[in-house]
Amino acid sequence: MTEHAGKTVFITGGTSGINLGIAKGFAREGANVAVIGRDPDRAANAEAEIKAECTDDGDAMGFSCDVRDYDAVEGALARVAEAYGSIDVLVAGAAGNFYAPLLGMSPNAFRTVVDIDLFGTFNAFRASYPYLTKPGASLIAISAGQADRASAMQAHACAAKAGVNQLTKVCAVEWGPAGVRANIISPGGIADTVGVQFLSKDPTKFDEAINRIPGKRLGTVDEIADAAKFLSSDAARYINGQVIYVDGGLYAGDASTDCLNPPPREK
Ligand code: HXC
């Protein structure tokens, strides 16, 4: 039995990628895990995959819901709370992205990503409040390095993820007195995800990107799941309003200069 056994975990965008990995991580700990995503087939597949990982008396459900629709998110949370009881862990992970320059981005293109990432996080957090375990609930937003770094071709994601970080910190401030903590995970490049697929199309850029990471490798979805399990555990009970970078050290700095094998000092 782990401390997450019997807890209720709700994950938006949990039908694929990093968020599905987080779902499986909690399922292996005996939690009841609910995931939502836009595509009903993907949601059904995710439910089956997560169920296959369930231990103890844990269970899983996956169903279709668009995080841009506040009423639908509210309904999804009510459905999960009715099935499993109050929500202990909420992971706001739903995100959309594409590469486009500002001049190639229509207002609707910009709005679409901000709607999914930022409004989607607002909708999940705001609608969850009545269903949260108080005290004790843990909210986690999945952000990205774009929140801190102005990245070309990513105006929408940069704006949205910067907003996600601040929104989550405000949650920490406003809901901390009720015993609800809210933190942010900022993943680096994670193997076998859509984000890294974009990068790996160009092998030169890919190798350069890996070389910049102090850890000299991509992360894994299990490493993000471990961070989510830690943040929602009792060991993190006094951590609130923080950004946790799970990126092999990339946010701290660029490791492309080899300082472990320096050339002889010039006279
Ligand atoms: C310019 C584009 C575009 C592109 C879409 N649009 N792709 N503009 N370049 N490559 C424009 C459309 O023309 C339209 O504007 C508007 O965006 C909305 O597009 P739709 O296709 O109608 O929207 P929708 O069906 O809701 O799809 C959302 C989406 C799409 C984000 C645009 O790419 C999607 O569904 N992606 C889901 C999967 C995904 O993105 N996964 C990546 C997550 S990874 P007009 O003006 O024509 O109406 C991730 C991690 C990265 O996010 C971390 C960084 C933050």
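Numbering (this note's numbering), first residue to last: 3 to 269. Glycine included, each C-beta is placed from N, C-alpha and C at the ideal position. From a predicted model like this one, the values you see are computed outputs, not experimental measurements.
With a 10 Å radius around its C-beta and 16 neighbouring C-beta atoms as the bar for buried, classify residue i as buried or exposed.
i, result
"residue 213", "exposed"
"residue 63", "buried"
"residue 2", "Lying before the first or after the last residue shown, residue 2 is absent from the chain, which here runs from 3 to 269."
"residue 11", "buried"
"residue 210", "exposed"
"residue 133", "buried"
"residue 225", "buried"
"residue 189", "buried"
"residue 168", "exposed"
"residue 60", "buried"
Comparing the CB of residue i with every heavy atom of the ligand HXC, is any distance shorter than 7 Å?
i, result
"residue 114", "yes"
"residue 106", "yes"
"residue 98", "yes"
"residue 148", "yes"
"residue 21", "no"
"residue 74", "no"
"residue 94", "no"
"residue 197", "yes"
"residue 246", "no"
"residue 163", "yes"
"residue 111", "yes"
"residue 13", "no"
"residue 226", "no"
"residue 1", "No information on residue 1 is available, as it lies outside the stretch 3 to 269 that the chain covers here."
"residue 215", "no"
"residue 102", "yes"
"residue 187", "no"
"residue 229", "no"
"residue 118", "yes"
Give the secondary structure of residue i by DSSP, where H, G and I count as helix, E and B as strand, and everything else as coil.
i, result
"residue 217", "coil"
"residue 189", "strand"
"residue 113", "helix"
"residue 128", "helix"
"residue 230", "helix"
"residue 76", "helix"
"residue 208", "helix"
"residue 225", "helix"
"residue 6", "coil"
"residue 179", "helix"
"residue 261", "coil"
"residue 81", "helix"
"residue 163", "helix"
"residue 43", "helix"
"residue 29", "helix"
"residue 150", "coil"
"residue 69", "coil"
Per DSSP, residue i is paired with what?
i, result
"residue 290", "With the chain covering 3 to 269 only, the question about residue 290 has no answer from this structure."
"residue 134", "89"
"residue 36", "12 and 63"
"residue 239", "DSSP lists no partner for residue 239."
"residue 246", "187"
What number of angstroms, rounded off, separates the C-alpha of residue i from the C-alpha of residue j?
i, j, result
"residue 277", "residue 94", "Because the chain here runs from 3 to 269, residue 277 falls outside it and cannot be looked at."
"residue 180", "residue 204", "48 Å"
"residue 184", "residue 118", "19 Å"
"residue 138", "residue 89", "10 Å"
"residue 263", "residue 108", "48 Å"
"residue 4", "residue 116", "36 Å"
"residue 58", "residue 6", "11 Å"
"residue 53", "residue 123", "25 Å"
"residue 260", "residue 195", "28 Å"
"residue 22", "residue 265", "45 Å"
"residue 198", "residue 101", "13 Å"
"residue 71", "residue 98", "15 Å"
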